[in-house]
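Reading through the structure tokens given below for one structure.
2 protein chains.
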Amino acid sequence: MMRSPAAAVAKRNPEQTKERILAAAIDVFSSQGLSGARVDAIAERAGANKRMIYHYFGNKDQLFVHVLEAVYGHIRSHERELRLDDLDPIAAMRELVRYTFDYFLGNPHFIKLLNTENLYEAAHLKTLPAIRDMHMPLTAQIKAILDRGVAAGVFRNGVDPVQLYISIAGVGYFYHSNVYTLSTIFGRPLGAKDAIDERRAHVIDFILGYLRVDGTGNG
Amino acid sequence: MMRSPAAAVAKRNPEQTKERILAAAIDVFSSQGLSGARVDAIAERAGANKRMIYHYFGNKDQLFVHVLEAVYGHIRSHERELRLDDLDPIAAMRELVRYTFDYFLGNPHFIKLLNTENLYEAAHLKTLPAIRDMHMPLTAQIKAILDRGVAAGVFRNGVDPVQLYISIAGVGYFYHSNVYTLSTIFGRPLGAKDAIDERRAHVIDFILGYLRVDGTGNG
DNA sequence: GCTCTAAGTAACTGACTAGTTACGCGTGAG
DNA sequence: CTCACGCGTAACTAGTCAGTTACTTAGAGC
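So the sequence lines, in the order shown, correspond to chains Z and Y. Reading the first sequence from the start, the letters are residues 1 to 219 in this note's numbering. Reading the second sequence from the start, the letters are residues 1 to 219 in this note's numbering.
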């Protein structure tokens, strides 16, 4: 029997099919949650057959695990490319805070996937043994900036890098994560460009204002 | 036909049935999300018949709207009972930050429900016209503390109450919301009492350290 | 050019799910 | 007392879902 024209166009390409499924899964899981996501919807968006999802990823939950691994890998690898060692401590910290804020802004799916995973109490993430190693450079990176700042006499002493990172991420994450409910309860369009620019400035001011020994956010 | 003994025990009580359904809905929606929640599960947990959910609340989504209204009402009404006017500005701010942190700690369902609602971009919350009025006292409360602090010369000038609230909430919310993924990626039990106490102190130090003109969190 | 393995497809299935139907019964107003 | 209305129940339905089966086809290795 003749192959249909449509089938003739789509050549075999296992790697690309896997990639397309993963990208579609990021889209659908982040917009619908884990329970709300439909495997059929992921297959359709990927332009792949549903059977291929089970072939490459096992089941819906394992596909979600692969999604988490991919998105964590993305943010952490971009973070490592910042080359903060080339900047003075204050500029380095400002850049880290800005990057973190803008990463959340530019990658809303990351926030939604993390919120979904926390709904399930990190059950999927816990099955990824490499995830912890992936985050050790981040802690080291922050510790290095803090140490340099303390040595230069510009940062306060005794700040825990992990606590600080949670605060840096928190002031940005919460804004982006809850922009819909916050805009509604306060009656302000917090998703508008002006509001986001204002928030970015506030967040940088906030972190630097806390860290600097003279208490200002100016550098 | 004779009524069963079990049915005889359960007397009619519309108010209590509504309450039980709402409480069960908070439990199930917060642990399973909106898509993951099963109407049958809510009915069973409420000890009510599924038909009663449709009788009192219309459908699953409208039930979720009632849940949001109930939980927002709870946090905001408790906030108003803090009587922060009786405290000096620094003590008042410290108490507001502590309350906010401990409210999230003691009400994990609140965080999970808000995350779920943000997944749906506040579609349900937007149908509650009273929600904005419910939050005006909060903004006013924070503004009053800030104004008193500036007048007393202990707080920096020009801080936007809404931006500040988002930061106060953010540094606590993110910690509690993402405690599962953060504990996993950093390999620390952030849900343990010691870690929570440390975080609470850090958060208070952080907000006060930013606000105070001398840059310390000490009062 | 043949064969074997893996990529890919379509139709299917059993379990589940939101919402409905039809009816029984408790209670308070008159 | 009584009866209408609203509380409450069980069984049902139409549709949906994750995962499977049975199959075809592409292409690498010989």
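We put the CB at the ideal spot given by N, CA and C, even for glycine.
Between Gly187(Y) and chain Z, the shortest Cβ-Cβ separation is below 8 Å.
Shown here, Arg20(Z) sits in a helix according to DSSP, grouped into three states. Residue-level contact by beta carbon fails for Leu63(Y) and chain Z, as no gap is shorter than 8 Å. Beta-bridge partners of Arg212(Y) (DSSP): Phe155(Y). The region 177 to 192 of chain Z makes contact with the region 111 to 122 of chain Y; the number of CB pairs closer than 8 Å reaches 3 or more. Relative to His135(Z), the option among Ile207(Z), Tyr54(Z), Glu79(Z) and Ala122(Z) whose CA is nearest is Glu79(Z). The CB of His202(Z) comes closer than 8 Å to the CB of Asp160, Gln163 and Ser167 in chain Y, given here in chain order.
By the C-beta criterion, the region 159 to 176 of chain Y is judged not to be in contact with the region 48 to 68 of chain Y, since fewer than 3 inter-stretch pairs fall below 8 Å.
Neighbours of Leu182(Z) across chain Y, judged by C-beta separation under 8 Å: Ile166. Put simply, the CB of Val39(Z) is far from chain Y, with every gap to its CB atoms at 8 Å or more. Contact of Gly58(Z) with chain Y is not assigned, every C-beta pair being separated by 8 Å or more. For Asp214(Z), the number of other beta carbons within 10 angstroms of its own is below 16, and it is reported as exposed. Residue-level contact by beta carbon holds for Ala122(Z) and chain Y, with a gap shorter than 8 Å. When the beta-carbon positions are compared, Gln32(Y) and Ser30(Z) stay at least 8 Å from each other. Arg188(Y) sits in coil when the DSSP states are folded into three classes, being neither helix nor strand. Identification of chain Y residues near Glu117(Z) by a Cβ-Cβ cut-off of 7 Å yields Thr181, ordered along the chain.
Counting along the chain, no alpha helix (DSSP H) covers Tyr120(Y), and no H or E run does either. At a cut-off of 8 Å between beta-carbon atoms, Gly209(Z) makes contact with chain Y.
Straight through space, the alpha carbons of Ile204(Z) and Leu146(Z) are spaced by roughly 15 Å.
Three or more beta-carbon pairs drawn from the region 153 to 172 of chain Z and the region 94 to 108 of chain Z are found closer than 8 Å, and the two stretches are therefore classed as touching.
Nearest to Ile185(Z) by alpha-carbon distance, out of Gln62(Y), Ile111(Y), Arg132(Y) and Leu63(Y), is Arg132(Y).
Secondary structure at Glu198(Z): helix, using DSSP grouped into helix, strand and coil.
Contact between Ala48(Y) and Thr17(Y) holds, since their C-beta atoms are separated by about 5 Å, short of 8 Å.
When the Cα atoms are used, Arg188(Z) and Leu182(Z) turn out to be separated by approximately 8 Å. For Asp88(Y), the secondary structure class from DSSP, reduced to helix, strand or coil, is coil.
Ser35(Y) has a beta carbon lying within less than 8 Å of a beta carbon in chain Z.
Here Gly106(Y) is exposed. Its C-beta has fewer than 16 other C-beta atoms within 10 Å. Contact check for Leu128(Z) against Val65(Z) passes: the beta carbons are separated by less than 8 Å.
At a Cβ-Cβ threshold of 8 Å, Pro89(Y) and Gly149(Y) count as neighbours. Residue contact with chain Z for Ile131(Y): present (Cβ-Cβ distance below 8 Å to some residue of chain Z). Residue environment for Gly73(Y): exposed (fewer than 16 other C-beta atoms within 10 angstroms of its C-beta). Residues of chain Z with a Cβ closer than 7 Å to the Cβ of Lys112(Y) are, in chain order, Leu119. Around the C-beta of Arg83(Y), fewer than 16 other C-beta atoms lie within 10 Å, and the residue is accordingly described as exposed. By the rule that beta-carbons nearer than 8 Å mark a contact, Phe206(Y) touches chain Z. Rounded to the nearest whole angstrom, the C-alpha separation of Glu69(Y) and Leu125(Y) is 8 Å.
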